[in-house]
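A quick write-up on the structure given underneath.
Protein chains in written order, with the UniProt record's numbering: chain G, 1 to 150; chain X, 1 to 310.
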């Protein structure tokens, strides 16, 4: 059923993970909820399926301990980078470098969002990327690698 | 309804573009000629080139530091942290902190101070009940830093990656955070940090005045600005020996150890182009700092500038 809506590689990935005892079907509704962004990430994941499967198998063991559905979705999509949520102590310091207003941490996409200006700063490898060139506009939906000069 | 939302989004985008315009203009318009070592480049080119320099040297950065300075850079960094003399509970922002040398030293120092504090507290307590002793041991485990924190900020992802790996390898996890950010536009709110350090980084910042203003902004009133940087040697004989060493030995070391002549050529040239002690002191005063002072280490090869936000 899900193979129709998602990319072939991602579907293969999901069935493999579904066999592993740790990941169950309870995760899939969460994926549907994540929307087009998750689909884009899963498409990216489909390209590197083999390495991804290995990493996902190792990662899902760890994440079973974490019980963090957001990062599990990320696990499948982001390929080489296993996203770690930033430390809460760091979050209380960070503000947007442009407007100096506080940011909101978005777990689904692992980004820090500035509502006012409509931009999102990615968090890669647990290190928030607070350079304006790396931020993406949240009302468009370009891939995170695009550099936008806000 | 959707149209209104779209309009609002466009306005927001326009607003942010207008905000960003002065910055963009500064870069895109041919821009004032800046220096990259002894070459003359535009501002954008300079940022790009410096980013590439550090991207390529990141993995061998520490090894090169040791071999170029014959290990003396460790002493310089130790002196910087001793000069800072942080007490437990201090919030440090280490800009251009890349591989984390200053951050680790800060953590070690604060841990040592904290241990001494706790030992002194224990000595004063006579006739402790078993309950109190038990509580003391519990505290120790979670309070070894006494709420001190250090945030390492760097503009180069490779340097931060190397730093993070080092931290894991050496076992530093508490009180340490990593952020990718631009020193000229720090992602921190006003009046946040107790100490701001920039060790061997301000030379690579394209707009030093902006970085100094940002430093002033993020420091709490009473906060301290510390800058460790290569500077000018006034003694003529030493200056000649230093030049000889810099231009003949260092790029060769760079080629042999890191496989990168040009980056280390850039390094020694940028040291020559950097303003001397007095000029940097004036720039720091311009940013609003008081009690600005500098201390020469090794006859001026390195200088520590210090200023307070009062």
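Glycine included, each C-beta is placed from N, C-alpha and C at the ideal position.
Short Cβ contact (8 angstroms threshold) for residue i with residue j
i                     : j                     : result
residue 186 (chain X) : residue 153 (chain X) : yes
residue 137 (chain G) : residue 180 (chain X) : no
residue 167 (chain X) : residue 100 (chain X) : yes
residue 43 (chain X)  : residue 197 (chain X) : no
residue 195 (chain X) : residue 90 (chain X)  : yes
residue 114 (chain X) : residue 145 (chain X) : yes
residue 93 (chain G)  : residue 200 (chain X) : no
residue 128 (chain G) : residue 86 (chain G)  : yes
residue 305 (chain X) : residue 267 (chain X) : no
residue 219 (chain X) : residue 291 (chain X) : no
residue 264 (chain X) : residue 253 (chain X) : yes
residue 88 (chain X)  : residue 52 (chain X)  : no
residue 257 (chain X) : residue 227 (chain X) : no
residue 108 (chain G) : residue 120 (chain G) : no
residue 151 (chain X) : residue 90 (chain G)  : yes
residue 88 (chain G)  : residue 95 (chain G)  : no
residue 251 (chain X) : residue 261 (chain X) : yes
residue 289 (chain X) : residue 225 (chain X) : yes
residue 123 (chain G) : residue 115 (chain G) : no
residue 93 (chain X)  : residue 106 (chain X) : no
Start and end residues, beta strand (DSSP E) containing residue i
i                     : result
residue 135 (chain G) : Per DSSP, residue 135 (chain G) belongs to no beta strand (DSSP E) and is neither H nor E.
residue 120 (chain G) : 119-124
residue 113 (chain G) : 111-114
residue 220 (chain X) : 219-230
residue 199 (chain X) : 193-199
residue 291 (chain X) : 290-297
residue 108 (chain G) : From DSSP, residue 108 (chain G) is part of no beta strand (DSSP E); its letter is neither H nor E.
Residue environment, residue i, which counts as buried when at least 16 other CB atoms sit within 10 Å
i                     : result
residue 130 (chain X) : exposed
residue 164 (chain X) : buried
residue 126 (chain X) : exposed
residue 307 (chain X) : buried
residue 259 (chain X) : exposed
residue 137 (chain X) : exposed
residue 73 (chain X)  : buried
residue 361 (chain X) : With chain X running from 1 to 310 in the structure shown, residue 361 (chain X) is simply not present.
residue 287 (chain X) : buried
residue 71 (chain X)  : exposed
residue 193 (chain X) : buried
residue 63 (chain X)  : exposed
residue 233 (chain X) : buried
residue 112 (chain X) : exposed
residue 211 (chain X) : buried
residue 102 (chain X) : buried
residue 54 (chain X)  : buried
residue 170 (chain X) : exposed
residue 237 (chain X) : exposed
residue 119 (chain X) : exposed
residue 303 (chain X) : buried
residue 58 (chain X)  : buried
residue 48 (chain X)  : exposed
residue 104 (chain X) : buried
residue 293 (chain X) : exposed
residue 147 (chain X) : exposed
residue 301 (chain X) : buried
residue 299 (chain X) : exposed
residue 110 (chain X) : buried
residue 240 (chain X) : exposed
residue 77 (chain G)  : Its pLDDT being 37, under 50, residue 77 (chain G) is placed unreliably in this model, and the value from its coordinates should be taken loosely. Residue 77 (chain G) is buried by the Cβ-count criterion.
Distance cut-off 7 angstroms: residue i Cβ against heavy atoms of the ligand ADP
i                     : result
residue 114 (chain X) : Among the components of this structure there are no ligands whatsoever, and the ligand ADP is therefore not found.
Opening and closing residue of the alpha helix (DSSP H) in which residue i lies
i                     : result
residue 107 (chain X) : 101-124
residue 306 (chain X) : No alpha helix (DSSP H) contains residue 306 (chain X), which is instead part of the beta strand (DSSP E) from 302-308.
residue 90 (chain G)  : 88-91
residue 91 (chain X)  : Premise fails: residue 91 (chain X) lies in the beta strand (DSSP E), 91-95, not in any alpha helix (DSSP H).
residue 281 (chain X) : 277-286
Mind checking the region 177-193 of chain X against chain G and listing, in chain order, the residues whose C-beta falls within less than 8 angstroms of any C-beta there?
For the region 177-193 of chain X, which is checked against every Cβ of chain G, the residues closer than 8 angstroms are 177, 178, 179, 180, 181, 182, 185, 186, 187, 188, 189, 190 and 192.
Output the residue ranges of the beta strand (DSSP E) runs that lie fully inside the region 25-74 of chain X and measure 3 residues or longer, sorted by chain position.
If we require 3 residues or more, the beta strand (DSSP E) runs fully inside the region 25-74 of chain X come out as 34-36 and 39-41.
Which ranges does the alpha helix (DSSP H) cover as unbroken runs of at least 4 residues, wholly within the region 153-179 of chain X, from first to last along the chain?
Qualifying alpha helix (DSSP H) stretches, in chain order: 157-170.
At 4 residues or longer, and completely inside the region 235-265 of chain X: list those alpha helix (DSSP H) runs for me, N to C.
Counting only runs of 4 or more, we get 236-244 and 250-253.
Name, going along the chain, the residues of the region 87-112 of chain G whose beta-carbon falls closer than 7 angstroms to a beta-carbon of chain X.
Here the close residues are 87, 89, 90, 93, 94, 95, 96, 97, 98 and 100.
For the region 229-259 of chain X, which residues have a CB atom closer than 8 angstroms to at least one CB atom of chain G, in sequence order?
Result list empty, no residue passes.
If contact means a Cβ-Cβ distance below 7 angstroms, which residues of the region 126-152 of chain X contact chain C?
Given the protein chain composition of this structure (G and X), no chain C is represented.
Listed from N- to C-terminal order along the chain, which residues in the region 155-175 of chain X have their beta-carbon within a distance smaller than 9 angstroms of any beta-carbon of chain G?
Those residues of the region 155-175 of chain X that come within reach of chain G (Cβ to Cβ, closer than 9 angstroms) are 155, 157, 160, 161, 164 and 175.
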